[in-house]
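Protein chains in written order, with my numbering: chain A, 908 to 1104; chain B, 908 to 1104. Glycine is no exception: its CB is placed at the ideal position from the N, C-alpha and C atoms.
Protein chains: 2
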Amino acid sequence: MSETAQRRGRGRRPAGEVREGVLRAAAGLLLSEGIKAVTFDRVATAAGSSKMTLYKWWPSAGALAAEAYFAHSEHQLEFPDTGDIRADLTAQLCAFVRLITHEGTGPVLAGLIGVAQTDPELSAAFSEHYSAPRRALAVAAFEKARDRGQLRADIDLGILVDQLWGACYNRLLIPDAPLTEDYAVALVANALDGAAP
Amino acid sequence: MSETAQRRGRGRRPAGEVREGVLRAAAGLLLSEGIKAVTFDRVATAAGSSKMTLYKWWPSAGALAAEAYFAHSEHQLEFPDTGDIRADLTAQLCAFVRLITHEGTGPVLAGLIGVAQTDPELSAAFSEHYSAPRRALAVAAFEKARDRGQLRADIDLGILVDQLWGACYNRLLIPDAPLTEDYAVALVANALDGAAP
């Protein structure tokens, strides 16, 4: 149904509702067919919205795909806090590895990061809606752990994000070695204890 | 000049020479215009070879791009071995950060990894010609360091590759935090010493 027909037939839907519907439609295409299926044309058809509406809200189909992925995976952002950083990190990182090795999620996330390399709008949306908030949550958990005396005061906490989740992304994107929960456990142990004797 | 004309005019060039010329032409396009410029059409024209020859040797233009990048950057594979793993890693990782933050190399490497997410032939060629040999060299250096008593015997040496170079790739591909030589130095310190008190 065209936007005009909607307006005449049953009044204009509230913007928030339209936006949610578009994000849901984009997430559906992304998860079932991959990043290349997320075009303004196909999302507009699937959502019953006009392409004009989509153009108004998103600078590119890639940016829409990134926001849709985030809206879909928002609940996975939670970071357990039991007061024991070693246990919390192990739990969080094992859950992350299960997520990104799942056949329905791994290729989608890899595809988003892949296309982001040549699509600056997707890259910006991915950072704004997904990776930067995740990084901030992790650093906040590290700060609390440091205040509890579980991390050294002289550590740049940002690098721990790269040595844990970044190390997992490395095996997702450049699959030369296996990405397993055992690997996640070993990453946490080494990030905390170090490889030197 | 067509292949037929070459054969008549001055004899067929040796295969090795043709192959080198094609790789050089592909690297030139890759470094000057990016991954999307590396098509069989443009490489064949630039190398003065036939497209048939290219189809015979490479399963996809992406696979050709990956091999060209490797041939171009082969000398950067060297791993210093002074007998001090901390110093060698710091030198190697700082050189790696300089390489991947260089405006001529960083976007090319990011573009190759990006396209690899949706091009299995590029992914396989990248692994075979670039990332897997680099990983093997690093693990070999770690094994020597372990034999010298500079790394613990119970460490899975493969994860150190991800916590050092993989951490750098993470900031290249998902640029939420700065990728600098200071970062490289901090990565080495934490991978060896750990973040726990």
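Other residues of its chain near residue i: CB distance less than 8 angstroms, five sequence neighbours each side excluded
i, result
"A/R915", "Note that A/R915 scores a pLDDT of 47, beneath 50, so its modelled location is shaky; the value from the coordinates is reported in the next line. If we look at A/R915 and ignore the five residues flanking it on each side, it has no Cβ neighbours."
"B/V1095", "R993, L996, T997, L1000, L1071"
"B/I942", "G969, A972, V1015, G1018, L1019, G1021, V1022"
"A/V1004", "C1075, L1086, T1087, E1088, Y1090, A1091"
"B/T911", "Only weak support is given to the placement of B/T911: the predicted model assigns it a pLDDT of 49, under 50, and the question is left unresolved by the model."
"B/L1080", "A1017, I1020, G1021"
"B/K958", "F947, D948, A951"
"A/G1011", "L938"
"A/A960", "Checking the sequence shown, residue 960 of chain A turns out to be Thr, not Ala. Excluding residues within five positions, the ones whose Cβ falls inside 8 angstroms are E910, V925, V929, A951."
"A/E1050", "L1064"
Candidates the options, of which the one nearest residue i by Cα
i, options, result
"B/L1064", "B/L1016, B/A1048, B/A968", "B/A1048"
"B/S967", "B/L1086, B/P1040, B/L1006, B/V1022", "B/V1022"
"A/V1092", "A/A1074, A/P1104, A/Y962", "A/A1074"
"A/V925", "A/E985, A/A953, A/V945", "A/A953"
"B/A934", "B/D948, B/R949, B/H979, B/L961", "B/H979"
"B/A922", "B/K963, B/N1097, B/H1009, B/I1062", "B/K963"
"A/V1046", "B/L937, B/V950, B/Q1024, B/D1083", "B/D1083"
"B/P1027", "B/I1062, B/W965, B/R1053", "B/W965"
"B/G990", "B/E1010, B/L1067, B/D1054", "B/D1054"
"B/N1077", "A/Q1024, A/S956, A/T960, A/E985", "A/Q1024"
"A/P1040", "A/L961, A/N1097, A/E985, A/S956", "A/E985"
"A/I1062", "B/G955, B/N1097, B/S956", "B/N1097"
Beta-carbon contacts of residue i that lie in its chain and below 7 angstroms, excluding the five residues immediately before and after
i, result
"B/P987", "D995, A998, Q999"
"A/L1099", "R993"
"A/V945", "A933, L936, L937, A968, L971, A972"
"B/G1013", "I1007, L1079"
"B/H1009", "none"
Amino acids of chain A, ordered along the chain, whose beta-carbon sits closer than 8 angstroms to that of residue i
i, result
"B/S1034", "I1081, P1082, D1083"
"B/I1066", "A1074, Y1090, A1093, L1094, N1097"
"B/K943", "T1025"
"B/G1021", "I1020, G1021, V1022, A1023, Q1024, T1025"
"B/G1162", "Beyond the ends of chain B as shown, which are 908 and 1104, falls residue 1162 of chain B; an answer cannot be given."
Residues that residue i contacts on chain A, provided the C-beta gap is smaller than 7 angstroms
i, result
"B/S1038", "I1081, D1083"
"B/Q999", "Chain A residues near B/Q999: none, gap ~15 angstroms exceeds 7 angstroms."
"B/G990", "The premise fails here: B/G990 is roughly 15 angstroms from chain A at the closest Cβ pair, so nothing lies under 7 angstroms."
Counted within 10 angstroms of its Cβ, other Cβ atoms place residue i as buried (16 or more) or exposed
i, result
"B/S1038", "buried"
"A/P1104", "exposed"
"B/R919", "exposed"
"B/G1101", "buried"
"A/H1123", "Absent from the model: residue 1123 of chain A. The displayed extent of chain A is 908 to 1104, so no value can be given."
"A/S939", "exposed"
"A/D1069", "buried"
"B/A951", "buried"
"B/A1052", "buried"
Contact list for residue i against chain B, beta-carbon separation under 8 angstroms
i, result
"A/R1042", "D1083, A1084"
"A/D1100", "G1101, A1103"
Contacts that residue i makes with chain B (C-beta to C-beta distance below 9 angstroms)
i, result
"A/P1104", "G1056, Q1057, L1058, R1059, A1060"
Where residue i meets chain A, residues with beta-carbon distance less than 9 angstroms
i, result
"B/R1078", "D1069, G1073"
"B/D1063", "D1089, Y1090, A1093, N1097"
7 angstroms Cβ cut-off: residues of chain B touching residue i
i, result
"A/G1018", "Q1024, T1025"
Chain-order list of residues whose beta-carbon lies under 6 angstroms from that of residue i (same chain, five-residue window excluded)
i, result
"A/R1042", "V1068"
"B/I1066", "none"
Between the stretch 971-981 of chain B and the stretch 923-930 of chain B, do three or more beta carbon pairs fall short of 8 angstroms?
yes
Pair every Cβ in the stretch 1057-1075 of chain B with every Cβ in the stretch 1018-1036 of chain B, then say whether three or more of these pairs are closer than 8 angstroms.
no
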